[in-house]
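*Asks:* Sharing a structure, written as structure tokens. Questions coming.
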Amino acid sequence: MTAVVPPTAAPAGRVSAGRRWSRRDLTFDKISFMVVFLVIPVLGYILFVVWPFIQAFYYSLTDWSGFTPGMNFTGLSNYFKLFSDDIFMKAVGNSLLLVIVLPIITVVLSLVLASLVTVGGPSHGPVRGLRNSSIYRVVSFFPYVIPAIVIGIIWGRVYDPSAGLLNGILTGLGFEQFQSFAWLGEQRTAMIATIFVIVWGLVGFYMVLFVAAIKGIPAEIFEAARIDGAGRFRTALTITIPLIRDNIQTAYIYMGILALDAFVYMSALNPGGGPNNSTLVMAQQLFTTAFTKGQFGLACAMGVVLAVITLVFAGIVFIVNRLTGGTNEVAE
Amino acid sequence: MSITEKPLQRRQFLRGALLAAVFIPATGMLASCVGGGGSTTAPGGTVSAKNPFGMAAKSTVDAVIFKGGYGIDYATFAGKIVEKTQVGSTVKVTAATNIAQTLQPRFVGGNPPDVIDNSGANLIGINTIRAQLEDLTPVIEAKNLEGKVIKDTLYAGVIEPGTFDGKFVQLNYVLTVYAMWYSASLFETNGWTVPTTYDEALALGAKAKAQGKYLFGWGKEAATYYQTMAIGSAIKEGGDEVRLALENLKEGCWSLKPIQDVFTGLKKIIDAGYMQPGGAGTQFTAAQAQWSNDEKFILYPSGGWIENEMKTQTKAGFKMTGAPELTVTTGSKLPQKALHSTAGEGYIVPSQGKNVAGGKEFLRAMLSHDAAVNFAKTTFSSTIVKGTIPADGFGSTALVSQVKLLEGAGSDVFSWNFVDLYGLNTDQLVVWNTFLQGDSSVAQLTSGLQSISDKVRNDSSVKKVTVT
């Protein structure tokens, strides 16, 4: 940019960068505007976001125990250690499983519900949702109002093998094999049971998000589609989804980031990582490494790996969306 | 041209700001890493019989106490004693539940408290900070407030758990007796006798099954209580060499014959179906209530805290009583009555504290007869100070049986540190839950535990403690 501008005095009719910011222009209004809307937020961002990131990366290259003022620089050895640690790799695998499965289930389910309560109603009269859809909308939002840790504790009790609600109902219905069945203690069910709880807790929120997006689509488009003979499924697939794809992308990324964390749900349901570490996630392993084992350097390296995976995930979602014909803007 | 230039300029400004964001803190950070750690010790007072550590006159003691099952009132009580013996001093007792998270910044900043009760689920791993702690030998060699040398007033085996590489850095205040707990009244009505070996336990399992009860049960966060019992049994069976092999993370330590025999004995009980099923999915206090309240299973291996923990969920007339952990044969190297006992609630005094002498003085007050009796009376637990429990145990059968177990064991008291020292419990829980559930063999259990030990042994960044 600067290469284009001649080094000598700017030719007439052209205002150089230097001239534009002459002292005369810096009125109180401009300066106060810049301070309030630019300098302060940037400083805050640097102090509370950028700075901790850099610190964490630096610590990941050391053997810091977390309780000493000093530390030794050890290069990349923490990273080598991580990738040869079978338990951490298992945690990475579980987190990746969650990041693939959770957003799909949650987004699809909440899309279906959102379509039902907005455009899935009777096929005569104006386009509207099912009867009493406002009640469903409120009810499905309930779980989101409950804090995640409470959801975890409640479901921990529901899944209790001997006194839990779930086994009580199942054995009451005559499924005797569920007598004392440990939903969270069996390797083949622990992860599924956990995923169910997370979906249960969040589907209402994403449903409301999609309802708002669908309401933003002019009703005439749906009416036109209906006149052309499109059924409900066809309408959802070729009208609704393309028109709210930015919302879906945003929801997908948010849900993915939540899946990569999942710390609260996991530590409430299976604090120890579950049977054979089948529900252990990176955030849990990070926490134990830092505070129980006193290896903050190694824990910081885990944090860096988690951050990289999160960025890669967001990148993949953007690329996929772009390749399939969407814009690259994240809708708010 | 001038129109397109505008946004570019703004962008360049932002880009510059971002660059600054990256580079300015980087230099500051390198500088800050070196900082911290300046210790300022208060000017010492005169050492006298009443002030053995030379605590400065009218100084303040900063005590951070873990607030868990025991509360912090007992520490406030001890603080009052310090204020009385060292006239003019003040003791500030602060409660904390997450010790590691709360105190980490103070350790890094070089201004830790003068005395800490390092306990609870989020305690600071002692291996991480032991280099920064005071040697507490002078405390136990000093005279207590009644004029007796403190060392002589303590139970056997309470100094060793706090000693690492010859330096006594952690004073564990609360005595913990590990045993197999049962309801004396339930056993009496059914005419059962308490088993002493794994074979006897298996036979008792059959009798319990006939009454519709299980022999053992467990909760998912407490599956390693069975590891604690198994190690205790194996040490009794094979003597000190078993303990040393485990403590020093020896290659193949879990394959030693006494350990294998114990695992096999346990496996027989599991395979016979004498374990309350579903433990791997049950929250541990809920599982314990199945024992103390519903009497669904009849024996539970645990530490002496179990009575206090289950106080509100114990059946009336339960008469909780402890029995020594099982042995494999009757010809074990240590007597059957030998006891796994250690002490918990680790009190530490950081060397960088402002009032190190005050921290030690606080511990001396804690170890006085009055403070120890007060603790036992209010918490139904024994401190490491002898002779503080009356014959009726303040009405607690469990407390009485703890004292009995200790008297029965005499000098045959042992304990180990490696699980807590290297923070292995989380990893071991996984292996044990699988085993107790009946989903893994003795060989799988052994190789699982061995690989956890091996990982620490082969990790050069973990400082090892050699136990002899």
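The listed protein sequences correspond, in order, to chains E and P. So that you can map any letter, position 136 of the first sequence is 135 in numbering that gives the first Met the number 0, and since no number is skipped, the others follow by simple counting. So that you can map any letter, position 7 of the second sequence is 6 in numbering that gives the first Met the number 0, and since no number is skipped, the others follow by simple counting. Built from N, CA and C at the ideal position, the CB exists for glycine as well.
(1) Can a CB atom of chain E be found closer than 8 Å to the CB of D426(P)?
(2) What span of residues does the alpha helix (DSSP H) with S266(E) cover, start to end?
(3) What are the partner residues of Y197(P), as DSSP defines its beta bridges?
(4) Could you give the DSSP three-state label for G321(P): helix, strand or coil?
(5) DSSP three-state call for F379(P): helix, strand or coil?
(6) The stretch 280 to 305 of chain P: which residues have C-beta closer than 7 Å to a C-beta of chain E, in chain order?
(7) Following the continuous alpha helix (DSSP H) through E187(P), name the residue where it begins and the one where it ends.
(8) Under the rule that 16 or more other beta-carbon atoms within 10 Å means buried, what is V48(E), buried or exposed?
(9) When you compare the CB of I123(P) with every CB in chain E, is at least one pair closer than 8 Å?
(10) Answer with yes or no whether the minimum CB distance from K219(P) to chain E is below 8 Å.
(11) For V92(P), decide whether its Cβ has a neighbour in chain E, counting only Cβ atoms nearer than 8 Å.
(12) Using the Cα positions of P270(E) and L435(P), report the straight-line distance between them to the nearest angstrom.
(13) Comparing alpha-carbon positions, which option in Q284(E), T188(E), A306(E) and V98(E) lies nearest D85(E)?
(14) Please name the residues in the stretch 102 to 114 of chain P whose beta-carbon is closer than 7 Å to at least one beta-carbon of chain E, in chain order.
(15) Please state if the CB of T239(E) and the CB of S114(E) are separated by a distance shorter than 8 Å.
(16) Could you give the first and the last residue of the continuous alpha helix (DSSP H) run that contains G171(E)?
(17) Specify, as a first and last residue, the run of the alpha helix (DSSP H) that Y57(E) falls within.
(18) For a contact meaning CB atoms closer than 8 Å, what does Q100(P) contact in chain E?
(19) Rounded to a whole number of angstroms, what is the C-alpha to C-alpha distance between V173(P) and V384(P)?
(20) If you count every other CB in all the chains shown that lies within 10 Å of the CB of R377(E), and 16 or more means buried, which is it?
(21) Looking only at DSSP bridge pairs, what is G153(P) linked to?
(22) In the DSSP output, which residue or residues are listed as bridge partners for M274(P)?
(23) Name the chain P residues that come within less than 8 Å of I86(E), Cβ to Cβ?
(24) Could you tell me whether the stretch 275 to 282 of chain P touches the stretch 212 to 224 of chain P, using the rule of 3 or more Cβ pairs below 8 Å?
(25) Quick one: Cα of G171(E) to Cα of T284(P), how far?
(26) Am I right that Q401(P) and P111(P) are in contact with their C-beta atoms under 8 Å? What's the rounded C-beta distance?
(27) Rounded to the nearest angstrom, how far is the Cβ of W182(E) from that of A192(E), given a contact under 8 Å?
(28) Identify each residue in the stretch 154 to 179 of chain E for which the Cβ-Cβ distance to at least one residue of chain P is less than 9 Å, and report them in chain order.
(29) In the DSSP assignment, the alpha helix (DSSP H) including N492(P) goes from what residue to what residue?
(30) Starting from the beta carbon of G78(P), find every residue of chain E whose beta carbon is closer than 9 Å, and list them in chain order.
(31) I'd like to know if V348(P) contacts chain E, where contact means its C-beta is closer than 8 Å to some C-beta of that chain.
(32) When you compare each of N416(P), K454(P), S450(P) and V114(P) to E159(P) by their alpha carbons, which one comes out closest?
(33) Taking the alpha-carbon positions, what's the I125(P) to D134(P) distance?
(34) Using the Cα positions of T26(P) and V34(E), report the straight-line distance between them to the nearest angstrom.
(35) Tell me which residue opens and which closes the beta strand (DSSP E) that I64(P) is part of.
(36) Since L112(E) contacts S139(E) with CB under 8 Å, what's their CB separation in whole angstroms?
*Replies:* Answer, in terms of the structure:
(1) By one-based count along the second sequence, residue 426(P) stands at place 427. Yes, D426(P) lies at the interface with chain E (some Cβ there is under 8 Å from its Cβ).
(2) In the first sequence, residue 266(E) corresponds to position 267, counting from 1. Here the alpha helix (DSSP H) through S266(E) covers F262 to L268.
(3) As a position in the second sequence, residue 197(P) is number 198, starting the count at 1. Looking at the DSSP assignment, Y197(P) forms no beta bridge with any residue, so it has no partner.
(4) As a working note, residue 321(P) is residue 322 in the second sequence. Strand.
(5) Walking along the second sequence from the start, residue 379(P) turns up at place 380. Here F379(P) sits in coil by DSSP.
(6) For the stretch 280 to 305 of chain P, which is checked against every Cβ of chain E, the residues closer than 7 Å are G280, T281, Q282, A285 and Q289.
(7) Walking along the second sequence from the start, residue 187(P) turns up at place 188. A183 to N189 is the span of the alpha helix (DSSP H), which, as asked, contains E187(P).
(8) Locating residue 48(E) in the first sequence gives position 49, where the first residue counts as 1. Counting the other CB atoms within 10 Å of its CB gives V48(E) a total below 16, which places it among the exposed residues.
(9) Here the question's residue 123(P) lines up with position 124 in the second sequence. Yes, I123(P) counts as interfacial toward chain E.
(10) As a working mapping, residue 219(P) is identified with position 220 in the second sequence. For K219(P), the answer is yes, since a Cβ of chain E falls inside 8 Å of its Cβ.
(11) For the purposes of this step, residue 92(P) is taken as the residue at position 93 of the second sequence. No, no contact with chain E.
(12) Translated into positions along the first sequence, residue 270(E) becomes position 271. Translated into positions along the second sequence, residue 435(P) becomes position 436. Rounded to whole angstroms, P270(E) to L435(P) spans 18 Å at the Cα level.
(13) Translated into positions along the first sequence, residue 85(E) becomes position 86. Nearest C-alpha to D85(E): Q284(E).
(14) Within the stretch 102 to 114 of chain P, those residues whose Cβ lies closer than 7 Å to any Cβ of chain E are, in chain order, Q103, F106, V107 and G109.
(15) Taking the first residue of the first sequence as 1, we reach residue 114(E) at position 115. Taking the first residue of the first sequence as 1, we reach residue 239(E) at position 240. Taking 8 Å as the Cβ cut-off, S114(E) and T239(E) qualify as a contacting pair.
(16) Counted from its first residue, the first sequence places residue 171(E) at position 172. Per DSSP, G171(E) belongs to the alpha helix (DSSP H) from L164 to G171.
(17) For the purposes of this step, residue 57(E) is identified with residue 58 of the first sequence, where counting begins at 1. Run containing Y57(E): W50 to Y58, per the alpha helix (DSSP H) assignment.
(18) Locating residue 100(P) in the second sequence gives position 101, where the first residue counts as 1. Here the neighbours are F290.
(19) As a position in the second sequence, residue 173(P) is number 174, starting the count at 1. As a position in the second sequence, residue 384(P) is number 385, starting the count at 1. Roughly 9 Å between the two C-alpha positions.
(20) The structure shown has nothing for residue 377(E), since chain E only spans 0 to 331.
(21) Numbered from its first residue, the second sequence carries residue 153(P) at position 154. The amino acid at residue 153(P) is misidentified as Gly; the sequence shows Leu. Beta-bridge pairing links L153(P) to V384(P).
(22) Stepping through the second sequence from its first residue, residue 274(P) is reached at position 275. M274(P) is bridged to F215(P).
(23) Within the first sequence, residue 86(E) is the residue found at index 87, counting from 1. Within chain P, the residues near I86(E) are D426.
(24) With a cut-off of 8 Å, the stretch 212 to 224 of chain P and the stretch 275 to 282 of chain P count as touching, because enough Cβ pairs lie within range.
(25) Along the first sequence, one-based indexing puts residue 171(E) at 172. Along the second sequence, one-based indexing puts residue 284(P) at 285. For G171(E) and T284(P), the gap between their C-alpha atoms comes out near 25 Å.
(26) Counted from its first residue, the second sequence places residue 401(P) at position 402. Counted from its first residue, the second sequence places residue 111(P) at position 112. Cβ atoms of Q401(P) and P111(P) stay farther apart than 8 Å, at about 33 Å.
(27) Taking the first sequence and counting its residues from 1, the one referred to as residue 182(E) is at position 183. Taking the first sequence and counting its residues from 1, the one referred to as residue 192(E) is at position 193. In this structure W182(E) touches A192(E) by the C-beta definition: roughly 5 Å separates them, less than 8 Å.
(28) So the close ones are G155, R156, Y158, D159, P160, S161, A162, G163, N166, Q178 and S179.
(29) This structure leaves residue 492(P) out entirely; chain P is present only between 0 and 467.
(30) In the second sequence, the residue the question calls residue 78(P) occupies position 79. Per Cβ cutoff of 9 Å: no residues; G78(P) is ~25 Å from chain E at best.
(31) Position 349 of the second sequence, counting from 1, holds the residue named residue 348(P). So no, V348(P) is outside the interface.
(32) The residue given as residue 159(P) occupies position 160 in the second sequence. Per the C-alpha coordinates, the member of N416(P), K454(P), S450(P) and V114(P) positioned closest to E159(P) is N416(P).
(33) Start at 1 with the first residue of the second sequence, and residue 125(P) comes out as number 126. Start at 1 with the first residue of the second sequence, and residue 134(P) comes out as number 135. Roughly 13 Å separates the two Cα atoms.
(34) Along the second sequence, one-based indexing puts residue 26(P) at 27. Along the first sequence, one-based indexing puts residue 34(E) at 35. Because the pLDDT of T26(P) is 36, which lies under 50, any placement of that residue in the model is unreliable, and the number read from its coordinates should be weighed accordingly. Taking the CA atoms as reference points, T26(P) sits about 24 Å from V34(E).
(35) Within the second sequence, residue 64(P) is the residue found at index 65, counting from 1. Unbroken beta strand (DSSP E) run through I64(P): T59 to F65.
(36) On the first sequence, residue 112(E) is found 113 positions in, with the first residue counted as 1. On the first sequence, residue 139(E) is found 140 positions in, with the first residue counted as 1. L112(E) to S139(E), Cβ: 6 Å. Contact.
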